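Undergrad: Take this structure first; my questions come after.
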Amino acid sequence: MTKATSRSASRPLDGKVVAVTGGAGDLGRSIICRLENAGAVVVGCDITEGQRMEHCDVTDRASVDRFVRGVLERHGSLHAMVAGAGVVERSAAIDLDAASWSRVIGINLTGAFHAAQAAARAMDGSGGSIVFIGSWIGVAPARDLMSYCVSKAGIDMLAKSMALELAPRGIRVNVVAPGVVEAGVSAQIFQEAPERRRAMEQVIPIGRLCQPEEISSCVEFLLSEQASYVTGATLVVDGGIRLAHAGG
Ligand SMILES: NC(=O)c1ccc[n+]([C@@H]2O[C@H](COP(=O)([O-])OP(=O)(O)OC[C@H]3O[C@@H](n4cnc5c(N)ncnc54)[C@H](O)[C@@H]3O)[C@@H](O)[C@H]2O)c1
Numbered sequence: 038m039t040k041a042t043s044r045s046a047s048r049p050l051d052g053k054v055v056a057v058t059g060g061a062g063d064l065g066r067s068i069i070c071r072l073e074n075a076g077a078v079v080v081g082c083d084i085t086e087g088q089r090m091e092h093c094d095v096t097d098r099a100s101v102d103r104f105v106r107g108v109l110e111r112h113g114s115l116h117a118m119v120a121g122a123g124v125v126e127r128s129a130a131i132d133l134d135a136a137s138w139s140r141v142i143g144i145n146l147t148g149a150f151h152a153a154q155a156a157a158r159a160m161d162g163s164g165g166s167i168v169f170i171g172s173w174i175g176v177a178p179a180r181d182l183m184s185y186c187v188s189k190a191g192i193d194m195l196a197k198s199m200a201l202e203l204a205p206r207g208i209r210v211n212v213v214a215p216g217v218v219e220a221g222v223s224a225q226i227f228q229e230a231p232e233r234r235r236a237m238e239q240v241i242p243i244g245r246l247c248q249p250e251e252i253s254s255c256v257e258f259l260l261s262e263q264a265s266y267v268t269g270a271t272l273v274v275d276g277g278i279r280l281a282h283a284g285g
């Protein structure tokens, strides 16, 4: 094969229009970059400012609908949604304040529902794919993170329920559930407390934290034709930590 031929070879997401919520975050940026390299036209949104980022608050249904409508108007179709917006708030379960509970569930779970349903409605009958960003602590609980764990456990059932009902429309719905990634709040904690990083690395069977690219490659896989028969699945990408650390 000549160089020119290999350069023009088709890429896994050529011609696909993909929306990403939480696009200004560490994982969001990595996912956008990965999907663009795979050939997709990617439109990111976030509640905070970011380079080439649309404004959208996932807790506000009208804001999500506006974002999706804008993608359709500008690009003609929407083939995939990656629901990645998320927050963490820490508290012991006994002290957890109701407003904090509602905030975390509102962004992580209700916000993901808004994004996925708006996207599914916008997919024009030619099928599509939705990927939620869950968490390994949606599978096993962790101390002082009850609202987050419940929101991410909810994501797994949201994906399964939507997968069941949307399969006849050709829409696949899956979850990528990261372990401890060098991104977002985790990265901040480990920068401030290197001893916690070392302790965590000792617990993770693979022996190191996850890099954002190791999550975005799995998102690309689930969006691509390589995963054409995968729906209602949670792909846990955690270096095996759930096997060693149940109970947080
Ligand atoms: N970093 C990790 O170790 C880790 C592990 C498991 C799962 N996750 C999940 O991955 C996703 C991305 O996390 P990250 O580590 O990149 O964190 P991050 O804080 O860098 O990114 C999260 C993004 O979500 C955005 N966001 C918050 N509220 C929003 C709202 N109402 N509307 C729209 N956007 C909103 C934030 O502005 C931010 O840009 C989250 O869902 C998180 O729960 C992260």
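Numbering (this note's numbering), first residue to last: 38 to 285. No residue lacks a Cβ here, since even glycine has one placed at the ideal position from N, Cα and C. As the structure is a computational prediction, the values presented were derived from the model and not from experiment.
Could you compute how far the alpha carbon of R89 sits from the alpha carbon of G81?
TA: Against the sequence shown, residue 89 aligns to sequence position 52. Against the sequence shown, residue 81 aligns to sequence position 44. About 7 Å.
Undergrad: Using the three-state DSSP reduction, which class does E219 fall into: helix, strand or coil?
TA: The residue labelled residue 219 in the question sits at position 182 within the sequence shown. E219 falls in the coil class under three-state DSSP.
Undergrad: Am I right that T58 and A99 are in contact with their C-beta atoms under 8 Å? What's the rounded C-beta distance?
TA: In the sequence shown, the residue the question calls residue 58 occupies position 21. In the sequence shown, the residue the question calls residue 99 occupies position 62. Not really, about 15 Å apart at Cβ, beyond 8 Å.
Undergrad: Can you confirm whether the region 128-135 touches the region 185-196 when touching is taken to mean that 3 or more C-beta pairs between the two stretches lie within less than 8 Å?
TA: no
Undergrad: Measure the C-alpha to C-alpha separation of R66 and M199 and round it to an integer number of angstroms.
TA: Residue mapping note: residue 66 aligns to position 29 of the sequence shown, counting from 1. Residue mapping note: residue 199 aligns to position 162 of the sequence shown, counting from 1. A straight line joining the alpha-carbon of R66 with that of M199 spans about 26 Å.
Undergrad: Thinking C-alpha only, which one of A214, I192, G76 is nearest I278?
TA: Reading the sequence shown from its first residue, position 241 is the one you call residue 278. Nearest of A214, I192, G76 to I278, Cα basis: A214.
Undergrad: So C247 and V218 are supposed to be a Cβ contact under 8 Å. How far apart are they, rounded?
TA: To locate residue 247, count along the sequence shown from 1; it is residue 210. To locate residue 218, count along the sequence shown from 1; it is residue 181. Rounded, the Cβ-Cβ distance is 4 Å, consistent with contact.
Undergrad: Does any heavy atom of ligand 1 sit closer than 7 Å to the C-beta of I84?
TA: To locate residue 84, count along the sequence shown from 1; it is residue 47. Because some heavy atom of ligand 1 lies under 7 Å away, the Cβ of I84 counts as near it: yes.
Undergrad: Within 8 Å, do at least three Cβ pairs link the region 131-139 to the region 234-242?
TA: no
Undergrad: What are the boundary residues of the beta strand (DSSP E) that includes S114?
TA: For the purposes of this step, residue 114 is identified with residue 77 of the sequence shown, where counting begins at 1. Judged by DSSP secondary structure, S114 falls outside any beta strand (DSSP E); it is assigned neither H nor E.
Undergrad: In angstroms, rounded to a whole number, what distance separates the CA positions of H92 and T85?
TA: Here the question's residue 92 lines up with position 55 in the sequence shown. Here the question's residue 85 lines up with position 48 in the sequence shown. One C-alpha to the other measures close to 7 Å.
Undergrad: Within 8 Å, do at least three Cβ pairs link the region 166-177 to the region 195-209?
TA: yes
Undergrad: When you compare each of A61, H282, G123 to A368 by their alpha carbons, which one comes out closest?
TA: Residue numbering for the chain in the displayed model covers 38 to 285; residue 368 lies beyond these limits and cannot be assessed.
Undergrad: Check C93 in the structure and name its three-state DSSP category.
TA: Within the sequence shown, residue 93 is the residue found at index 56, counting from 1. Note: C93 maps to coil in three-state DSSP.
Undergrad: Taking all protein chains shown into account, do 16 or more other C-beta atoms lie within 10 angstroms of the C-beta of K40, making it buried, or fewer, making it exposed?
TA: The count along the sequence shown starts at 1 and reaches residue 40 at position 3. Below a pLDDT of 50, predicted positions are generally treated as unreliable, and K40, at 45, falls in that range; the measurement from the model is reported next regardless. It counts as exposed.
Undergrad: Mind checking which residues open and close the beta strand (DSSP E) that includes S166?
TA: Along the sequence shown, one-based indexing puts residue 166 at 129. Residues 165-170.
Undergrad: Could you name the residues of the same chain whose beta carbon sits closer than 8 Å to that of I142, not counting the 5 residues immediately before and after it, in chain order?
TA: Looking up residue 142 in the sequence shown gives position 105. Take I142, set aside five residues on each side of it, and the residues of its chain with a beta-carbon closer than 8 Å to its own are S184, V187, S188, G191, in chain order.
Undergrad: Out of curiosity, what's the CA-to-CA distance linking I241 and V274?
TA: The residue labelled residue 241 in the question sits at position 204 within the sequence shown. The residue labelled residue 274 in the question sits at position 237 within the sequence shown. Straight-line Cα distance between these residues: approximately 12 Å.
Undergrad: Could you spell out the range, first to last residue, of the beta strand (DSSP E) harbouring A56?
TA: Residue mapping note: residue 56 aligns to position 19 of the sequence shown, counting from 1. Segment 54-58, the beta strand (DSSP E) holding A56.
Undergrad: Do you know whose CA, among R48, F104, A46, D94, lies nearest A56's CA?
TA: The count along the sequence shown starts at 1 and reaches residue 56 at position 19. Among R48, F104, A46, D94, the Cα nearest to that of A56 is on F104.
Undergrad: Since I believe S253 is in contact with R71 (beta carbons under 8 Å), could you give me their beta-carbon distance rounded to a whole number of angstroms?
TA: By 1-based counting over the sequence shown, the position of residue 71 is 34. By 1-based counting over the sequence shown, the position of residue 253 is 216. Right, the Cβ-Cβ distance comes to about 4 Å (below 8 Å), so this counts as a contact.
Undergrad: Suppose contacts are defined by Cβ-Cβ distances below 8 Å. Is V95 in contact with A122 by that definition?
TA: If you number the sequence shown from 1, residue 95 lands on position 58. If you number the sequence shown from 1, residue 122 lands on position 85. Annotated as proximal: V95 and A122, with beta-carbon spacing under 8 Å.
Undergrad: Using only the heavy atoms of ligand 1, determine whether one of them is closer than 7 Å to the beta carbon of T147.
TA: Here the question's residue 147 lines up with position 110 in the sequence shown. No, the beta carbon of T147 sits no closer than 7 Å to any heavy atom of ligand 1.
Undergrad: With a threshold of 7 Å, establish whether the CB of V218 neighbours any heavy atom of ligand 1.
TA: Your numbering for residue 218 matches position 181 in the sequence shown. Yes - ligand 1 has a heavy atom lying nearer than 7 Å to the Cβ of V218.
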